[in-house]
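*Asks:*
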Amino acid sequence: MDGFDAEEWAEMQEMYINHTTKELAKIQEDIDNIIIDSLRTFGHNIKGSGGMYGFEEVTNLGTKIEASAKANDRNKIKLLLEELSDFLKTKI
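Note that the sequence shown covers residues 25 to 116 in the working numbering.
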């Protein structure tokens, strides 16, 4: 929260949640046709960004999504994406 007042920080978190929710919806809509590397990249990106916005659970799920993509485990990824979706809904 360095350099931001509470209102600015809350706005940034809200923008992050909205953006991540939209990206997640696109992925879930076409999960069976998405290239596995795109799923790995999504996991990697949220792994890095979640903590920056104060959402350690997003970071943890991103780590698991990335690892599952490396293992080519789409079923596990689907479960993790649902878990991420559920978490994001609690923050909207």
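Beta carbons are placed, not taken as given, at the ideal position from N, Cα and C, and that holds for glycine.
Predicted, not measured: the structure shown is a model, and the values here were computed from it.
1. Is it buried or exposed, A93, if we count other Cβ atoms within 10 angstroms and call 16 or more buried?
2. Going by alpha carbons, who is nearest to F66 out of Y77, A49, G78?
3. Label I59 either buried or exposed according to how many other C-beta atoms from any shown protein chain fall within 10 Å of its C-beta, with 16 as the threshold for buried.
4. Less than 7 Å separating the beta-carbons of K71 and E90?
5. Nearest CA to the CA of I116: which residue from A30, A34, D29, L63?
*Replies:* Taking the structure as given:
1. buried
2. A49
3. exposed
4. yes
5. A34
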